[in-house]
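See below for the structure under consideration.
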Amino acid sequence: MPFFVEVIISLLIVIGGLFLLIGSFGMIKLKDLLPRLHAPTKASTVGLGGILIASMLFFWIERGHFTIHELLITLFIFLTAPITANLIAKAYMLLNVDPNKDLPPSKQNEGWATFDPVGPEGYDPSEEYKEKET
Numbered sequence: 001m002p003f004f005v006e007v008i009i010s011l012l013i014v015i016g017g018l019f020l021l022i023g024s025f026g027m028i029k030l031k032d033l034l035p036r037l038h039a040p041t042k043a044s045t046v047g048l049g050g051i052l053i054a055s056m057l058f059f060w061i062e063r064g065h066f067t068i069h070e071l072l073i074t075l076f077i078f079l080t081a082p083i084t085a086n087l088i089a090k091a092y093m094l095l096n097v098d099p100n101k102d103l104p105p106s107k108q109n110e111g112w113a114t115f116d117p118v119g120p121e122g123y124d125p126s127e128e129y130k131e132k133e134t
């Protein structure tokens, strides 16, 4: 295997490992859910992506055939980690954020997408905050 390919593979592994280490440190150090959610999603996307791309490159150069497994895992992580983080953040906002007090005006006819429109069964999240205030 050529030396520059070994350097590229090594750099991808080291960069991926550093991102995973920083992401795990962020999970321990950050206090609130939303900042803690940011650390592992970036770490898993960039860190695991770098390690899997290094693995794919290694087997392509070393064995002479391209493996699609690592590419599929990388694409799956790139697609699922941000979507999962978005859904967790929206659930957190629905439970812990009062749209009338904690959010700035949306400057549109509608409110914020997480809180509008009222659902098909007539569920309005702001009713929960009216009950908590009384």
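Counting in UniProt numbering, the sequence shown runs from 1 upward without gaps.
Note that the Cβ used here is the ideal one computed from N, Cα and C, for glycine as well.
Cβ-based burial, residue i [other Cβ within 10 Å; buried from 16]
i     : result
Ala91 : exposed
Phe58 : buried
Ser10 : exposed
Close Cβ partners of residue i (< 8 Å) along its chain, the five nearest in sequence each way excluded
i     : result
Phe19 : Lys42, Ala43, Val46, Gly47, Gly50
Pro82 : Thr41, Thr45
Glu62 : Met1
Pro35 : Gly26
Rounded C-alpha distance that separates residue i from residue j
i      : j      : result
Gly26  : Gly17  : 14 Å
Pro105 : Phe4   : 54 Å
Leu79  : Glu6   : 28 Å
Ile15  : Lys107 : 42 Å
Leu37  : Ala89  : 8 Å
Ala39  : Ile22  : 8 Å
Leu33  : Ile8   : 35 Å
Leu95  : Thr84  : 17 Å
Trp112 : Ser24  : 31 Å
Continuous alpha helix (DSSP H) stretch holding residue i: start and end
i     : result
His65 : Careful: His65 lies outside any alpha helix (DSSP H) and carries neither H nor E.
Ser10 : 3-29
Ala43 : Counting along the chain, Ala43 falls outside any alpha helix (DSSP H), and DSSP gives it neither H nor E.
Residue from the options with nearest C-alpha to residue i
i     : options                    : result
Leu52 : Leu95, Asp102, Thr67       : Thr67
Glu70 : Met56, Gly64, Trp60, Ile77 : Met56
Leu12 : Ala54, Leu30, Lys29        : Ala54
Close beta carbons around residue i, own chain, < 6 Å, minus the five adjacent residues each side
i     : result
Lys31 : none
His65 : none
7 Å Cβ shell around residue i - same chain, five flanking residues per side excluded
i     : result
Ile73 : Leu52
Ile77 : Ser44, Thr45, Leu48, Gly49
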